[in-house]
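Worksheet: one structure, shown below.
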Amino acid sequence: MTVGAVLYSQLFVTPKYPTASFKDQTIIVTGSNVGLGFEAARHFVRLYAEKVILAVRNIAAGEKAKQSIEESTGRSNVCEVWELDLSSYASVKAFAERAYKLDRIDVLLENAGINSTDFSLAEGHERTITVNVISTFLLGLLLLPKLRATKNQGFNAWPHWSIVTSEVHAFTNLPEWKCPSTFEALSDEKQANMRARYVTSKLLEILVVREIAPKLAQSGVILNMLNPGFCQSQLIRDERRDWWLVRFLMLVLARTVEVGARTLVAAAAAGHESYGAYMTDGKVNNGALSPFVTSPEGKKAQEKVWSELKEILVNIDPEIAKQL
Ligand SMILES: NC(=O)c1ccc[n+]([C@@H]2O[C@H](COP(=O)([O-])OP(=O)(O)OC[C@H]3O[C@@H](n4cnc5c(N)ncnc54)[C@H](OP(=O)(O)O)[C@@H]3O)[C@@H](O)[C@H]2O)c1
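In the numbering used here, the protein residues as written are 4 to 327.
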């Protein structure tokens, strides 16, 4: 997306208020105690979902979110608060194991993410990469057979695996992709460019979706990714640089989280045209991807990062190999 297109979208486009029904559906939203995930969960409950799982790392915050959703929608016993900490593979696996016991999973909306300029490690990788990238795909691939099985139960709607990415993926061309090991380079404090870390994680998500989508095309699950636009969430809580500038831009440009969350709901309801695609303003628009992503170099980068990530994931759980 060009700067002009971003400004136009922020100032003049309001994603459509969601009206599609999620009746009978079981929906998982990661990172749904605050921000976009919270407002998306509220939409799903309002839109008649049978069960909405608030997958959160802080149970008390999740319970507070559940109470707010129940009060505002007038629907009780729909939300369940489940623990999920994406900085721990054991937590991701435990969550997936628990989710297997559900009757069905119609939507896995992977929204949780962090934006930090401080370097720290989680599970041997830089934390942003662990949370936003490795654990995000670990959870998705662990739950893919369950999503598939939901389709095979003959329900009308196609199950969705939707990942919240961002237009800021265009702020980097991932110089680390040329390193012998991209993931090792990203986890090396001496080389790490933490100013670009969040945008790097969002680009990695997009590259990986583009690489795995053709491999999973027969899975019976709609895998898509979306950009919610710039929204007034708590995402910049750990942001130290240019704080006043980001705050100012947020004031004049950002969408409310309710409006941004409409794009998450749109992805969860999107049709086959969204398969493997990038959605922005609630619509499929691969033209909004950065020139790097769609370039021959971007294609090589996506193959490389996926081959590395696949190895990491299979080491965490050998079952993952069966999905690909
Ligand atoms: N806001 C924007 O302008 C914007 C634009 C483009 C894309 N996005 C994307 O939108 C998604 C949601 O972000 P947001 O803007 O709503 O930010 P947010 O208000 O900071 O919400 C992030 C959510 O992720 C959760 N989370 C963080 N680390 C986690 C972990 N280790 N395990 C499980 N959950 C974790 C947070 O839980 P805690 O409350 O416990 O920290 C919170 O619920 C992110 O993927 C972000 O990249 C946001």
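No residue lacks a Cβ here, since even glycine has one placed at the ideal position from N, Cα and C.
Keep in mind it's a predicted model, so treat the numbers as computed, not measured.
Exercise. Name the DSSP bridge partner or partners of residue 282?
Worked result: On the sequence shown, residue 282 is found 279 positions in, with the first residue counted as 1. Residue pairing from DSSP places residue 282 in a beta bridge opposite 229, 287.
Exercise. How about residue 53 and residue 29: are their beta carbons less than 9 Å apart?
Worked result: Here residue 53 is taken as the residue at index 50 of the sequence shown, counted from 1. Here residue 29 is taken as the residue at index 26 of the sequence shown, counted from 1. Yes, Cβ-Cβ distance for residue 53 and residue 29 is below 9 Å.
For this session: Could you tell me whether any non-hydrogen atom of ligand 1 is closer than 8 Å to the CB of residue 38?
Result: Within the sequence shown, residue 38 is the residue found at index 35, counting from 1. Yes; taking the cut-off as 8 Å, the Cβ of residue 38 has a heavy atom of ligand 1 nearer than that.
For this session: Report the option in 112, 77, 63 whose CA atom is closest to the CA atom of residue 43.
Result: Counting from one through the sequence shown, the residue named residue 43 turns up at place 40. Checked all of 112, 77, 63; the closest Cα to residue 43 is 112.
Exercise. With a CB to CB cut of under 8 Å and the five nearest residues on each side skipped, what residues in its chain are close to residue 253?
Worked result: Against the sequence shown, residue 253 aligns to sequence position 250. Cβ neighbours of residue 253 beyond the five flanking positions: 233, 235, 239.
Exercise. Grouping DSSP H, G and I as helix and E and B as strand, with all else coil, what is residue 259?
Worked result: The residue you call residue 259 lines up with position 256 of the sequence shown. Three-state result, residue 259: coil.
For this session: Taking only heavy atoms of ligand 1 into account, decide whether any of them is closer than 8 Å to the Cβ of residue 326.
Result: Here residue 326 is taken as the residue at index 323 of the sequence shown, counted from 1. Not so, every heavy atom of ligand 1 lies at least 8 Å from the Cβ.
Problem set entry | Among 39, 286, 45, 115, the one whose alpha carbon lies nearest that of residue 137 | Against the sequence shown, residue 137 aligns to sequence position 134. That would be 115, whose Cα lies nearest to the Cα of residue 137.
Problem set entry | Beta-carbon contacts of residue 154 that lie in its chain and below 6 Å, excluding the five residues immediately before and after | On the sequence shown, residue 154 is found 151 positions in, with the first residue counted as 1. Only 162, 223 meet the Cβ criterion.
Exercise. In three-state DSSP terms, what is residue 126?
Worked result: Translated into the one-based positions of the sequence shown, residue 126 becomes position 123. In this structure, residue 126 counts as coil in the three-state DSSP scheme.
Problem set entry | Neighbour-count burial assignment, residue 11, 16 or more Cβ in a 10 Å radius | Working through the sequence shown from its first residue, we reach residue 11 at position 8. Residue 11 should be labelled exposed.
For this session: Could you please give me the residues that DSSP links to residue 234 through a beta bridge?
Result: Taking the sequence shown and counting its residues from 1, the one referred to as residue 234 is at position 231. Residue 234 pairs with 258.
For this session: Would you list, in sequence order, the uninterrupted beta strand (DSSP E) runs of no fewer than 3 residues that lie entirely inside the segment 71 to 113?
Result: The segment 71 to 113 contains these whole beta strand (DSSP E) runs: 82 to 86, 110 to 113.
Problem set entry | Range covered by the beta strand (DSSP E) that runs through residue 139 | Residue 139 sits at position 136 when you count from the first residue of the sequence shown. Here residue 139 belongs to no beta strand (DSSP E); instead the alpha helix (DSSP H) covers 138 to 155.
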